[in-house]
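Student: Structure incoming, see below.
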Amino acid sequence: MKGVILINTGSPASPSIRDVGSYLSEFLMDERVIDIPFIPRFLLVRGVIVPFRKYKSAKSYSTIWTNDGAPLLVNSVKLAQKVEALTGIAVEVAMRYGRETVKNAFTRLNARVSDLSEVVVVPLFPHYAMSSYETVAVHAEAMLQQLSSSITIRVVEPFYNHPQYIDSLVGQFASLNLSSYDRLLFSYHSIPIRQQEKSLKKVMSDQSFGVNYQYQVEQTSKLVAEKVGMIDRYDVSFQSAIGDRWLGPSTGDVLGSLPAMGIKRVLVMSPAFVADNLETLKDINVEARKIFMDAGGDAFTYVPCLNDSSLFAQFVANMVNAV
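Numbering-wise, full-length UniProt numbering puts 198 at position 198 of the sequence shown, and it's gapless, one number per residue.
Here's what the structure looks like:
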């Protein structure tokens, strides 16, 4: 019998400074997130980043926390429930970091599914990057092999250009009058250029050579812009860059420059994430909005992530059934 595990990055157990610090330590100590040798990574994360960032991050998390918990986890669970209803297959949620581990998800599946023989792993990342899709896929497969050597593991590949994924994104614009906007900005999580270069050297399962994160996000953006009729009015930018050797241009710089060019009404979407989280709800919808409006913008509309939308749930269900 088949079971499914949907996997995303994760969230702290609570917005407390202690829980946020613990989560950041686990996340940033991943060698695929900060890809430098262990000792300098340990000193950087435990000695510099976490001791200072945990206070600001805890405050930020407290502004988006819901009665049910972290939005990322809440939306992922809702998605899992819809996919299970559509497929009739048991679906559990795991996170790469934090308490919702792959082990816990597998234990729940094992308890629910008699004669569990196959687990379909769905990394909830449309685009391939070391610090997102790759670390989730590698970690999940390794953990499941440790937990049961007899289980068949199937990992769903990135879906950045899949027609149903694109249609799901397009569906997020259904209630908007797109003709009233000057520009559509697609903002993606930036990655270090060195990680992009490492990915370009990989050999994929279909024997193709190289994975280009920047190309993938540009393809997603182009396909969506074409479908919503804004192919001549869209830009691509990147948020959360730390330093010059990261993919750009930065979302803040782009938004800050648009009003002076006469672009006063913008739509902003972040397709790198399938579920709303701290970056989308705070960094984009609050901080990036402020940058644009302070620069002279008239209207800033954030287009929510797919979360548990019906179109996206059906797409995930179709992927699960096809594996």
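Heads up, the beta-carbon is just placed ideally off N, CA and C, and yes, glycines get one too. These numbers come from a predicted model, not from an experiment.
1) For LEU176, count neighbouring Cβ atoms within 10 angstroms of its own Cβ and tell me buried if that reaches 16, exposed if not.
2) Sorted by chain position, which residues of the same chain lie with C-beta nearer than 7 Å to VAL77's C-beta, five sequence neighbours on each side aside?
3) Within the continuous beta strand (DSSP E) that includes GLY3, where are the two ends?
4) Going by Cα to Cα distance, which pick from PHE27, GLY248, ILE191 is closest to ARG53?
5) For the putative contact between VAL303 and GLN172, defined by C-beta atoms under 8 Å, what is the C-beta separation to the nearest angstrom?
6) According to DSSP, simplified to helix, strand and coil, what is TYR279?
7) Quick test of your reading: THR29 and VAL45, contact by CB under 8 Å. State the CB separation rounded to the nearest angstrom.
8) Report the residue ranges of all beta strand (DSSP E) runs contained in full by the stretch 173-242; include only those spanning at least 3 residues, in chain order.
9) Compute the Euclidean distance between the alpha carbons of PHE42 and MET319, then round it to the nearest angstrom.
10) Can you list the alpha helix (DSSP H) stretches of 4 or more residues lying completely in the stretch 10-56, in chain order?
11) Is ALA85 helix, strand or coil by DSSP?
12) Count the other CB atoms, across all protein chains shown, that sit within 10 Å of the CB of GLU31; report buried if there are 16 or more and exposed otherwise.
13) Per the contact definition of three or more C-beta pairs closer than 8 Å, is the stretch 281-296 in contact with the stretch 138-148?
14) Is it right to say ALA225 is buried, meaning 16 or more other beta carbons lie within 10 angstroms of its own, or is it exposed?
15) Taking 8 Å as the cut-off, decide whether the C-beta atoms of TYR234 and LEU178 are in contact.
16) Does VAL138 come out as helix, strand or coil in the three-state DSSP assignment?
17) Which stretch, first to last residue, makes up the beta strand (DSSP E) that contains VAL300?
18) By Cβ distance, which residues of its chain are closer than 6 Å to TRP246, with the 5 residues on each side in sequence left out?
19) Going by DSSP, what residues sit across from LEU267 in a beta bridge?
20) For LEU267, which option in LEU278, THR251, ASN277 has the closest C-alpha, if you only look at C-alpha atoms?
21) Reducing DSSP to helix, strand and coil, say where VAL256 ends up.
22) Please report how far the alpha carbon of SER22 lies from the alpha carbon of LEU278, in whole angstroms.
23) Could you give the DSSP three-state label for GLU287: helix, strand or coil?
24) Quick check on TYR133: buried or exposed, where buried means 16 or more other Cβ atoms within 10 Å of its Cβ?
25) Is DSSP giving ILE151 helix, strand or coil here?
Tutor: With the given structure in hand:
1) As a first step, residue 176 must be located in the sequence shown, where it is residue number 176. Exposed: under 16 other Cβ atoms inside 10 Å.
2) As a first step, residue 77 is located in the sequence shown; it is residue number 77 there, counting from the start. Only VAL93 meet the Cβ criterion.
3) Within the sequence shown, numbered from 1, the residue matching residue 3 stands at position 3. That run of the beta strand (DSSP E) goes 2-8.
4) Residue numbering aside, residue 53 sits at position 53 when the sequence shown is read from its first letter. Closest by alpha carbon: PHE27.
5) For the purposes of this step, residue 303 is identified with residue 303 of the sequence shown, where counting begins at 1. For the purposes of this step, residue 172 is identified with residue 172 of the sequence shown, where counting begins at 1. Indeed, because the Cβ distance is near 5 Å, the residues count as touching under 8 Å.
6) Residue numbering aside, residue 279 sits at position 279 when the sequence shown is read from its first letter. Before going further, note that residue 279 is Glu rather than Tyr in the sequence given. GLU279: helix per DSSP, three-state reduction.
7) Numbered from its first residue, the sequence shown carries residue 29 at position 29. Numbered from its first residue, the sequence shown carries residue 45 at position 45. For the record, residue 29 in the displayed sequence is Met; it is not Thr. At roughly 5 Å, the Cβ-Cβ gap stays under 8 Å, so MET29 and VAL45 are in contact.
8) 183-189, 234-239
9) Sequence index remark: in the sequence shown, residue 42 carries index 42 (1-based). Sequence index remark: in the sequence shown, residue 319 carries index 319 (1-based). Going by the C-alpha atoms only, they are around 38 Å apart.
10) If we require 4 residues or more, the alpha helix (DSSP H) runs fully inside the stretch 10-56 come out as 17-28, 38-44.
11) Here residue 85 refers to the residue found at position 85 of the sequence shown. In this structure, ALA85 counts as helix in the three-state DSSP scheme.
12) Taking the first residue of the sequence shown as 1, we reach residue 31 at position 31. By the neighbour-count rule (16 or more Cβ atoms within 10 Å), GLU31 is not buried but exposed.
13) no
14) Reading the sequence shown from its first residue, position 225 is the one you call residue 225. Buried, because 16 or more other Cβ atoms sit within 10 Å of the Cβ of ALA225.
15) Residue 234 sits at position 234 when you count from the first residue of the sequence shown. Residue 178 sits at position 178 when you count from the first residue of the sequence shown. In this structure, TYR234 lies away from LEU178, with their beta-carbon atoms at least 8 Å apart.
16) Locating residue 138 in the sequence shown gives position 138, where the first residue counts as 1. DSSP places VAL138 in helix when its eight states are reduced to three.
17) Sequence index remark: in the sequence shown, residue 300 carries index 300 (1-based). The sequence as given places Phe at residue 300; Val does not occur at that position. Segment 299-303, the beta strand (DSSP E) holding PHE300.
18) By one-based count along the sequence shown, residue 246 stands at place 246. Excluding sequence neighbours, TRP246 sits near SER190, PRO192.
19) Translated into positions along the sequence shown, residue 267 becomes position 267. Answer is LEU184, THR301.
20) Counted from its first residue, the sequence shown places residue 267 at position 267. It is THR251.
21) Indexing the sequence shown from 1 puts residue 256 at position 256. Here the sequence assigns Gly to residue 256, which means Val is not the residue at that position. DSSP places GLY256 in helix when its eight states are reduced to three.
22) Along the sequence shown, read from residue 1 onward, the residue named residue 22 stands at position 22. Along the sequence shown, read from residue 1 onward, the residue named residue 278 stands at position 278. Using only the alpha carbons, I get a separation of about 16 Å.
23) Within the sequence shown, numbered from 1, the residue matching residue 287 stands at position 287. Helix at GLU287.
24) Along the sequence shown, read from residue 1 onward, the residue named residue 133 stands at position 133. Under this definition TYR133 is a buried residue.
25) Residue numbering aside, residue 151 sits at position 151 when the sequence shown is read from its first letter. DSSP places ILE151 in coil when its eight states are reduced to three.
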